[in-house]
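So the protein sequences, as listed, match chains W and X.
Under this note's numbering, think of the first position of the first sequence as 1, with each following residue one higher.
Under this note's numbering, think of the first position of the second sequence as 1001, with each following residue one higher.
We put the CB at the ideal spot given by N, CA and C, even for glycine.
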Amino acid sequence: MIGFILRKIGLVIPAFIGVTLLTFALIHMIPGDPVELLAGERGIDPTRHAELKALLGLDKPLWEQYALYLYHAIQGDLGLSIVTKKPVIEEFLTLFPATIELALCAMSFAVIIGLPAGIWAAVKRGTAVDHSVMAVSLTGYSMPIFWWGLLLIILCSVTLGITPVSGRLSAEYWIEPTTGFMLIDSLLSDEQGAFADALHHLVLPSVVLGTIPLAVIARMTRSSMLEVLREDYVRTARAKGLSPLRVIGVHALRNALIPVITVIGLQLGTMLAGAILTETIFSWPGIGRWLIQSIGRRDYPSVQGGILLVATVIITVNLLVDVLYGIINPRIRHTR
Amino acid sequence: MRKVLLSVTSVLAMAIAGAGVANAKTIVYCSEGSPEGFNPQHYTAGTTFDATSRAVFDRLAMFKIGTTQVEPGLAEKWEISADGKTYTFHLRKGVKWHTTKTFKPTRDFNADDVLFTFNRQWKKDHPYHGIGGSYEYFESMSFPDLLEAIEKVDDYTVVFKLKRPEAPMIANLAMDFASILSAEYADQMSKAGTPEKVDQEPVGTGPWQFVGYQKDAQIRYEKNKAYWKAGLPKEDKLVFQITPDASVRYAKLKAGECHVMAFPNPADLAAMKTDANITLMNQPGLNIGYLGFNTEKKPFDDKKVRQALNMATNKDAIIEAVYQGAGVKAKNPIPPTIWSYNNDTKDYPYDPEAAKKLLAEAGVTNLKTDIWAMPVQRPYNPNARRMAEMIQADWKKVGVEAEIVSFEWGEYLKRTKAGEQSTFMLGWTGDNGDPDNFLAVLLGCDAVGSANRSRWCNKDFEALIQQAKVESDVAKRTALYEQAQKIFKEEAPWITVAHSVVYQPVRKEVQDWKIDPLGGQYFQEMSLSK
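Here it is as structure tokens:
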């Protein structure tokens, strides 16, 4: 098992170097100049322009900037944001809990609904139930997120008035972040009703962010389950006279889950990388929105550092998924 | 499974029970973006100023809300010497600094604070100069070249000595970068080894006291109970909810989650007008959207060609299609709300035939050129691409073939500054309501290579605006600027297209809201009716 984990980690190092190089190259390749953006229509005279570039370390040749960046990054220093002048890592850590909180809630929503729906469809194969589940999940999968988010806001928040439009907490509450997770912080604070308010703010964004994973999970569970249900051992289990619930829930599900877990891992990775659209629609102060804003302002250190950290998260999640695989299915860790 | 169902139901139940309208005595403002930081001296964006200088800080002289008129702020009065080079400010007494978690002031506002504020930005050896970034507004308003000395006469008298007379000086001091910071707070933070806190947890004398900022989510303020303007602010709390998407801001306004919202989508204006819960306010903006000619490139160095293309452009059609009515035709480079606006200026009529004749006179045939269009929506031009297409079609009618060119915004600014374009679109929103802030900044000879992207340097025009810069008599300045506008029109370095109208939707319960011509959001004078 340890050998298996070490092998996986060994594969991760080139991935990291690739990510830093690619991010650095891409952000410097796209046109734009942070100093010019800062000055706007007013413009800035060439001497001052050169002064500011030097101040930001942007006057050095690109290879030198990259080498310096890598040298500092290895020591855990991702630099200061050009705009806010705060350490990139600090900004990331401030915003990351909001992204995790939303991703976990959305994933829970997707799994809680998607998994049973997929199983149900497989068991009732070819019936109206199966067709409805598949039709709904195809619709969910093809839903344009921005449109879906706005539609739900207009329906649930503006017309029916049952959910808040956006944000993590209503204006009447003020909670100093301790963990950064609003659900936990609101429980720890003495503000009455803040927890319910925070939960309440999570409903719509979780539904929107969870819609596509839900559809994917439901479809994946269904097809994987169908395959497993055809296996001999399932027939044997049935022949032994086990209850259908036990046959499906214990014997079939465990094997059917393997591809589903891969999908959950991949989807969770993407969500943690920042659900850019969902975060923008719901004014959710997470990583996705921050990265987009940083790209717009050509805040090089924030973009580079932010993407490196996001990549770390995705790689770690995938590593965990691989390990989890090994636990569920011992055959995997023995194949090279 | 039952447990799961139970928890889902309880979430929904709470959701239904908890939905509500923002607390009546807390003003909630749906802002469009996050402030870059909390010291207005370092930044140039209006979003940052709304959250800092306009809420937390005061300045020596201040704009009367809703106007570009300057009135006394932290300085009760001032005198200007006969040569226009010495400004003596008499400071207001008894002005309290905010008391916050990190700072308990031991004294009132005084001259030391004024010195700290300006010396920090000006003197490279000032202990705070290198903290928190550069001082772009201070630099671009030419303060380093302008200031000779700033001296404290006593605790409540400060003298600014200038190297040359500068008529817009008082208006400049009312600008956001001139917000007065506390010297005592800076000292304390410096001693505590945390000087950066001065820029992150602001302490001012303004109407609102900073409580906290949750990055990209909320900024919270409380009423400054000791504010020197009696009776203000009218409400107890102020919250900025950062909401980057305009449709979502509108939804929040409709749902009652905010009282005032920034930058509505032009497409939503019609619906806002008919919404019973919303008052849609509007005011002509202090801006100009224009098409500039690069007067150093042939054939645009010939004023006849520039005049001809002025006549070839159908501005009425542009106002209708691009501004969708939310704009007025511009004939001068300054908006009509600025003093010295020359109402006698005669604009070029839309006359393609006359344009053709003039082009022929100039010896220009089969002209091929370019029109640079900005890639972004700006307050003075909601859709540059569309405008470029319309102008392209207009010019084609007089035999001028134009290709539309666009670049990423930063690149666009850089290249137009370098003069790569033949003709280009841009605009300007005023900083301080002084005509100098348009005419000298955008058309002065010194500004060639920065904001003067037409690279137009006319000796007569330059002489007039330089004279106006050092003249302190407003009537005389007005006459000079009127004359300058006449030369501008005759020389036609731009096609002055439009001044856009600024719209701001607020909830019905909002009382006494004023739209600021300079684009700011001020909350101290408004109140909530329920």
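Could you tell me whether the Cβ of residue i comes closer than 8 Å to any Cβ of chain W?
i       : result
X/L1426 : yes
X/T1099 : no
X/I1338 : no
X/Q1214 : yes
X/W1409 : yes
X/L1528 : no
X/I1242 : yes
X/D1245 : yes
X/A1022 : In this predicted model, X/A1022 has a pLDDT of only 46, less than 50, meaning its place in the structure is not dependable; the value taken from the coordinates is given anyway. It does: the Cβ of X/A1022 has a partner Cβ on chain W nearer than 8 Å.
X/S1450 : yes
X/T1044 : yes
X/R1306 : no
X/A1330 : no
X/Y1252 : One detail in the question is off: residue 1252 of chain X reads as Lys in this sequence, not Tyr. By this cut-off, X/K1252 is an interface position.
X/L1413 : yes
X/R1220 : yes
X/K1417 : yes
X/T1345 : no
X/T1026 : yes
X/A1217 : yes
Assuming residue i and residue j form a contact by the criterion Cβ under 8 Å, report the distance between their Cβ atoms to the nearest whole angstrom.
i       : j       : result
W/T211  : W/M271  : About 12 Å separates the two Cβ atoms, so there is no contact after all.
W/V123  : W/I217  : At roughly 16 Å, the Cβ-Cβ gap does not stay under 8 Å, so W/V123 and W/I217 are not in contact.
W/A273  : W/V313  : 7 Å
X/V1506 : X/T1279 : 5 Å
X/R1059 : X/G1073 : 5 Å
X/T1048 : X/L1286 : Actually they are not in contact, since the Cβ atoms of X/T1048 and X/L1286 sit about 19 Å apart, beyond 8 Å.
X/F1424 : X/G1289 : At roughly 12 Å, the Cβ-Cβ gap does not stay under 8 Å, so X/F1424 and X/G1289 are not in contact.
W/R298  : W/G10   : That belief does not hold up - the Cβ atoms of W/R298 and W/G10 are roughly 35 Å apart, past 8 Å.
Would you please verify whether the beta carbon of residue i is less than 8 Å from any beta carbon of chain X?
i      : result
W/W290 : yes
W/K85  : yes
W/I248 : no
W/L95  : yes
W/A39  : yes
W/D77  : no
W/R336 : Any reading at W/R336 is ruled out, since the residue's pLDDT is 45, under 50, leaving its predicted position unreliable.
W/E91  : yes
W/P244 : no
W/L55  : yes
W/S186 : no
W/L102 : no
W/T280 : yes
W/P285 : yes
W/M271 : no
W/L52  : yes
Figure out for me which residue from the options has the closest Cα to the Cα of residue i.
i       : options                            : result
W/L150  : W/T127, W/D33, W/Y141, W/S166      : W/S166
X/F1063 : X/A1384, X/Q1283, X/K1514, X/S1081 : X/K1514
W/L152  : W/L38, W/P46, W/P205, W/D232       : W/P205
X/Y1221 : X/C1457, X/E1235, X/G1231          : X/E1235
W/A103  : W/A311, W/L209, W/G288, W/G306     : W/L209
X/L1147 : X/V1405, X/W1078, X/Q1121          : X/Q1121
X/P1168 : X/Q1467, X/D1436, X/D1460          : X/D1436
X/D1347 : X/K1093, X/E1361, X/A1271, X/N1332 : X/N1332
> Along the segment 145-159 of chain W, what residues have a CB closer than 7 Å to any CB found in chain X?
Replying inline: Of all residues in the segment 145-159 of chain W, L150, I153, I154, S157, V158 have a Cβ within less than 7 Å of some Cβ in chain X.
>> Check whether the segment 1052-1071 of chain X and the segment 1206-1213 of chain X touch, using three or more Cβ-Cβ pairs below 8 Å as the test.
In response: Taking 8 Å as the limit for Cβ pairs, the verdict is that the segment 1206-1213 of chain X does touch the segment 1052-1071 of chain X.
>> Residues of the segment 165-183 of chain W in Cβ contact with chain X at a cutoff of 9 Å, in chain order, please.
In response: Residues passing the 9 Å Cβ filter: V165, S166, G167, R168, L169, S170, A171, E172, W174, I175, E176, P177.
> Between the segment 1121-1143 of chain X and chain W, which residues of the former have CB atoms less than 7 Å from a CB of the latter, in chain order?
Replying inline: Listed by position, the residues of the segment 1121-1143 of chain X near chain W (Cβ gap below 7 Å) are G1132, G1133, S1134, E1136, E1139, S1140.
>> Beta carbons nearer than 8 Å to chain W: which residues of the segment 1490-1505 of chain X have them?
In response: If the cut-off is 8 Å between Cβ atoms, the segment 1490-1505 of chain X has nothing near chain W.
>> Tell me which residues of the segment 296-326 of chain W have at least one Cβ-Cβ distance to chain X shorter than 7 Å, keeping chain order.
In response: Under the 7 Å Cβ criterion, the segment 296-326 of chain W contributes R298.
>> With three or more C-beta pairs closer than 8 Å as the rule, is the segment 1244-1262 of chain X touching the segment 1410-1430 of chain X?
In response: Contact between the segment 1410-1430 of chain X and the segment 1244-1262 of chain X is absent: fewer than 3 CB-CB pairs across the two stretches fall below 8 Å.
>> Would the segment 1328-1337 of chain X count as touching the segment 1492-1504 of chain X if we require 3 or more Cβ pairs under 8 Å?
In response: Yes, the segment 1328-1337 of chain X touches the segment 1492-1504 of chain X.
> Residues in the segment 1032-1066 of chain X with C-beta within 7 Å of chain W's C-beta atoms, listed in sequence order?
Replying inline: Taking 7 Å as the Cβ-Cβ cut-off against chain W, the residues of the segment 1032-1066 of chain X that qualify are E1036, G1037, T1044.
> Counting Cβ pairs, one atom from each stretch, are 3 or more of them under 8 Å apart for the segment 1422-1438 of chain X and the segment 1165-1180 of chain X?
Replying inline: Yes, they touch.
> Counting Cβ pairs closer than 8 Å, one from the segment 314-332 of chain W and one from the segment 1214-1230 of chain X, do we hit at least three?
Replying inline: In short, these stretches do not touch, since the Cβ pair count stays below three.
> Using a Cβ cut-off of 7 Å, which residues of the segment 1251-1277 of chain X contact any Cβ in chain W, in chain order?
Replying inline: Result list: A1251, K1252, K1254, A1255, E1257.
> Closer than 9 Å, Cβ to any Cβ of chain X: which residues of the segment 22-46 of chain W, in chain order?
Replying inline: Taking 9 Å as the Cβ-Cβ cut-off against chain X, the residues of the segment 22-46 of chain W that qualify are I30, P31, G32, D33, P34, V35, E36, L37, L38, A39, G40, E41, R42, G43, I44, D45, P46.
> Is the segment 193-201 of chain W close to the segment 116-131 of chain W, with three or more CB pairs under 8 Å?
Replying inline: Verdict: no, contact absent.
>> Would the segment 1128-1144 of chain X count as touching the segment 1158-1165 of chain X if we require 3 or more Cβ pairs under 8 Å?
In response: No: the two stretches stay apart, fewer than three of their Cβ pairs being nearer than 8 Å.
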